[in-house]
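Under the UniProt record's numbering, the first residue of the sequence shown carries the number 1, and numbering increases by one thereafter.
Down below is the structure, laid out as structure tokens.
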Amino acid sequence: TLAVGPGVLVPRPETEGLVEEVLKHIANFSGPVSVIDLGAGSGAMAISIATEAPNTQVIAVEKSLDAIEWLKQNVAFYDESIRIVQGDVAEVLDGVKCDVIVANPPYVPDSQPLPKDVATFEPAVALFGGSDGLAIPKIFIDAAARLLKVGGLLAIEHTETQGEAIAEILSTDFAEISLHQDLSGRPRWTSAIRKSA
């Protein structure tokens with residue numbers, strides 16, 4: 001069980017399907033695999049990947065200082081090999097290239113009302129993604145295009161209504177764009193492969 005609290009998003013069950021598919025992809029590699037978790041929050045995806053796939057070298061990127069404290073606590077408990085980087089995804093890790101990126105950006109449209117339990121206990125900075133919910137995901141996708149090797153995999157979460165728009169944003173730098181359903185059958189994340197420039 002991950003430690004969470006004020007200032008960090010509580011991990012959602014829909015993330016499990018994304019992680020499972022990423023682990024299948026990683027299993028195809030014979031050597032070390034470099035993985036970056038953009039917007040790592042409490043570290044749920046980074047820790048799952050690092051512990052389930054020992055051939056990975058995982059970097060967890062998180063901007064929020066509040067979330068970083070929970071991330072550090074969880075990494076210290078589960079897998080100290082994970083490197084933590086505090087900073088904006090648009091600016092971090094200059095010159096780094098990796099094999100896999102997982103991302104759970106803030107993607108809720110600014111005007112969308114939230115269930116009371118979410119609105120009360122979850123940090124707005126981890127939820128809201130701009131007027132249409134796509135401004136922050138676009139920043140994450142641009143960062144992934146910069147950080148991924150050609151042929152590298154991006155897996156990104158989004159709302160069940162954003163799949164088409166996310167695919168459109170991805171089409172500039174990515175190929176093999178696939179929409180995936182979560183465990184309850186809702187289209188909640190997309191995978192894509194970095195194209196050559």
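Every residue gets a Cβ at the ideal spot worked out from N, C-alpha and C, and that includes glycine.
Top-ranked residue by Cα proximity to residue i, from the options
i, options, result
"ILE49", "ASP79, ILE156 and THR161", "ASP79"
"GLY87", "SER171, THR161, GLY41 and ILE101", "GLY41"
"residue 283", "ILE26, ASP37 and GLU91", "The chain is shown from 1 up to 197; residue 283 falls before or after that span and cannot be answered."
"GLU160", "GLU62, ASP182, ASN104 and SER171", "ASP182"
"VAL19", "ALA143, LYS195, VAL102 and SER34", "VAL102"
"VAL33", "HIS25, ALA44, VAL22 and THR56", "THR56"
"ALA144", "GLY43, ASP94 and GLU21", "ASP94"
Exposure of residue i, with buried meaning 16 or more beta-carbon neighbours within 10 Å
i, result
"VAL89", "buried"
"ASP99", "buried"
"ASN74", "buried"
"THR190", "buried"
"PRO105", "buried"
Collapsed DSSP secondary structure at residue i in the structure displayed
i, result
"PHE77", "helix"
"SER48", "helix"
"VAL92", "coil"
"GLY152", "strand"
"THR15", "helix"
"VAL160", "Reading off the sequence, residue 160 comes out as Glu, not Val. Note: GLU160 maps to coil in three-state DSSP."
"ARG186", "coil"
"ALA197", "coil"
"ALA67", "helix"
Start and end residues, alpha helix (DSSP H) containing residue i
i, result
"ARG146", "135-147"
"ALA165", "163-170"
Residue i - containing beta strand (DSSP E), residue span
i, result
"HIS180", "174-181"
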